[in-house]
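In this text, residue positions in the sequence shown follow the working numbering: the first is 2, and each later residue adds one.
Accompanying notes for the structure given below.
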Amino acid sequence: MELRQMNIEGNMNVAAGCKWVARILAAILFLFWGAFFVEHLGEWFLQSEQGFPPVSVWIGQALHFVILLGLGMMLNWDRLGSLVTIVGTVAFFSAIGYRGFPFIALLNLLPIGLFGVYWYLGPKAANVAQ
């Protein structure tokens, strides 16, 4: 009985740890991608000599904002934030015409993978504990 209780507590600790590490990673990625977002805003929208940017830039910035929105949502709503981040990341890298495999986009999967461990272990450990 003691061994079973230790296993349940271990699973709950791993699940909680994964959840918090995922949230911290989401916040770090929010800052990382946010820096690019702000830099591109300044490059395309704040330089008055260029006039209005092309529609492709507006679409790219909007999809970049969706990535940021999803990463920010992960801090409170992990499932919805993960979904928004995945959709935004796929749409953004498709819209900008990225050639080859976008390895940098895989960074956004790190917190989602950790949330996956949390989703798998969390309810499982809670159900067994009852």
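For glycine and all other residues, C-beta sits at the position ideal for the given N, C-alpha and C.
Since this is a predicted model, take the numbers as computed values, not measurements.
query: Given a threshold of 16 other Cβ atoms within 10 Å of its Cβ, counted over all protein chains shown, does V85 qualify as buried or as exposed?
result: Working through the sequence shown from its first residue, we reach residue 85 at position 84. Counting other Cβ atoms within 10 Å of its Cβ, V85 reaches 16 or more and is therefore classed as buried.
- prompt: With a CB to CB cut of under 6 Å and the five nearest residues on each side skipped, what residues in its chain are close to V118?
  reply: Here residue 118 refers to the residue found at position 117 when the sequence shown is read from its first residue. Within the same chain, and ignoring the five residues on either side of V118 in sequence, the residues whose Cβ sits closer than 6 Å to its Cβ are C19.
- prompt: Which of helix, strand or coil does DSSP assign to N12?
  reply: As a position in the sequence shown, residue 12 is number 11, starting the count at 1. It is helical.
- prompt: Could you give the distance in angstroms between the alpha-carbon of W21 and the alpha-carbon of A36?
  reply: Residue mapping note: residue 21 aligns to position 20 of the sequence shown, counting from 1. Residue mapping note: residue 36 aligns to position 35 of the sequence shown, counting from 1. Rounded to the nearest angstrom, the two C-alpha atoms are 23 Å apart.
- prompt: Would you call R80 buried or exposed, if buried means 16 or more other Cβ atoms sit within 10 Å of its Cβ?
  reply: The residue you call residue 80 lines up with position 79 of the sequence shown. In summary, R80 is exposed, with fewer than 16 beta-carbon neighbours lying within 10 Å of its beta-carbon over all protein chains present.
Sequence-distant residues of its chain with Cβ nearer than 8 Å to S83 (five each side left out): Indexing the sequence shown from 1 puts residue 83 at position 82. Excluding residues up to 5 positions away in sequence, G71, M75, P112, I113 and F116 lie with their Cβ nearer than 8 Å to the Cβ of S83 in the same chain.
task: Leaving aside the five residues before and after M2 along the sequence, list all residues of the same chain whose C-beta is less than 8 Å from its C-beta, in chain order.
output: Within the sequence shown, numbered from 1, the residue matching residue 2 stands at position 1. Note on M2: pLDDT 47, under 50, position unreliable in the model; the coordinate value appears next. None.
Alpha-carbon to alpha-carbon, V67 and I97: Stepping through the sequence shown from its first residue, residue 97 is reached at position 96. Stepping through the sequence shown from its first residue, residue 67 is reached at position 66. I97 and V67 have their C-alpha atoms roughly 14 Å apart.
task: Measuring alpha carbon to alpha carbon, tell me which of P54, W59, I105 and A23 ends up nearest G73.
output: Position 72 of the sequence shown, counting from 1, holds the residue named residue 73. For G73, the closest C-alpha among the options P54, W59, I105 and A23 is that of A23.
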